[in-house]
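**Q** Numbered according to our numbering, the sequence shown terminates at residue 142, and the numbering increases by one at each position without gaps. Even glycine gets a Cβ: it sits at the ideal position worked out from N, Cα and C. Just so we're clear, the structure is a prediction, and the values are computed from it rather than from any experiment. I'd like to ask some things about the structure below.
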Amino acid sequence: MRLVGQGQGETVDLGQIQMRLLAPSSATDGTFGAAEFCGSNGPWTVPHVHERLEESFYVLEGCFTFAVGEDSIDTEPGAFVLVPRGTPHVLSAGPDGGTLLVVWTPGGLEQMFLELGALPPKSIMDAKVRADVARRHDSVPV
Numbered sequence: 001m002r003l004v005g006q007g008q009g010e011t012v013d014l015g016q017i018q019m020r021l022l023a024p025s026s027a028t029d030g031t032f033g034a035a036e037f038c039g040s041n042g043p044w045t046v047p048h049v050h051e052r053l054e055e056s057f058y059v060l061e062g063c064f065t066f067a068v069g070e071d072s073i074d075t076e077p078g079a080f081v082l083v084p085r086g087t088p089h090v091l092s093a094g095p096d097g098g099t100l101l102v103v104w105t106p107g108g109l110e111q112m113f114l115e116l117g118a119l120p121p122k123s124i125m126d127a128k129v130r131a132d133v134a135r136r137h138d139s140v141p142v
């Protein structure tokens, strides 16, 4: 059993957003990874695609706009968005920012965020930096 209480778990400051790792893939034998992301308004990442994993988002707080493939989806707390592998996507938080639960299947993508967290703030929004890190992870900017 693994319990991560409120305020516990490894955290990473990515500038615009912060990640709190809830279930690293090392704890699930690679089956999945899960993290809580919270941050301010505006885009949280660059448009990207995953070829080997599904990424899902559960909106805990705030409003978000997801661009998934050809669709643009406005969400509120309680919404769940599943992004199938191979589908380009990007998300943006509404005026008050927000909080998401993110699950990756299989796990491992959390390592990208840990690596980005070791770089200067807002590196996640720098397309060149993101592309360099993405070469080691399944998150390719489009």
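Give me, in chain order, the residues of the same chain whose beta-carbon lies closer than 7 Å to that of residue 60; leave out the 5 immediate sequence neighbours on both sides.
**A** Here residue 60 corresponds to residue number 60 of the sequence shown, with the count starting at 1. Contacts found: 77, 99, 100, 101.
**Q** With DSSP run on the structure shown, which of helix, strand or coil describes residue 114?
**A** Counting from 1 along the sequence shown, the entry for residue 114 is found at position 114. In this structure, residue 114 counts as helix in the three-state DSSP scheme.
**Q** If residue 83 and residue 54 are in contact, beta carbons under 8 Å, what's the gap, nearest whole angstrom?
**A** Against the sequence shown, residue 83 aligns to sequence position 83. Against the sequence shown, residue 54 aligns to sequence position 54. Rounded, the Cβ-Cβ distance is 7 Å, consistent with contact.
**Q** Mapping DSSP to helix, strand and coil, what is residue 127?
**A** Within the sequence shown, numbered from 1, the residue matching residue 127 stands at position 127. If DSSP states are grouped into helix, strand and coil, residue 127 belongs with the helices.
**Q** Whose CA, out of 31, 109, 92, 130, lies closest to the CA of residue 74?
**A** Taking the first residue of the sequence shown as position 1, residue 74 is located at position 74. The shortest Cα separation from residue 74 among 31, 109, 92, 130 belongs to 92.
**Q** Quick check: the Cα distance between residue 26 and residue 13, rounded to an integer number of angstroms?
**A** In the sequence shown, residue 26 corresponds to position 26, counting from 1. In the sequence shown, residue 13 corresponds to position 13, counting from 1. Taking the straight line joining both Cα atoms gives about 21 Å.
**Q** Taking 6 Å as the limit between beta carbons, can you name the residues of its chain near residue 46, skipping five residues before and five after?
**A** Position 46 of the sequence shown, counted from the first residue, corresponds to residue 46. Excluding residues within five positions, the ones whose Cβ falls inside 6 Å are 127, 130, 141.
**Q** Return helix, strand or coil for residue 71, following the three-state DSSP convention.
**A** By one-based count along the sequence shown, residue 71 stands at place 71. Looking at residue 71 - three-state DSSP - the assignment turns out to be strand.
**Q** Distance, Cα to Cα, residue 135 vs residue 95?
**A** Looking up residue 135 in the sequence shown gives position 135. Looking up residue 95 in the sequence shown gives position 95. C-alpha separation (whole angstroms): 32 Å.
**Q** Please go through the same chain and pick out, in chain order, the residues whose beta-carbon is closer than 6 Å to the beta-carbon of residue 97, but skip the five residues on each side of it.
**A** Here residue 97 corresponds to residue number 97 of the sequence shown, with the count starting at 1. Only 39, 40, 41, 62 meet the Cβ criterion.
**Q** For residue 43 and residue 1, what's the separation of their Cα atoms in angstroms?
**A** Translated into positions along the sequence shown, residue 43 becomes position 43. Translated into positions along the sequence shown, residue 1 becomes position 1. Near 35 Å, if we compare the C-alpha coordinates of residue 1 and residue 43.
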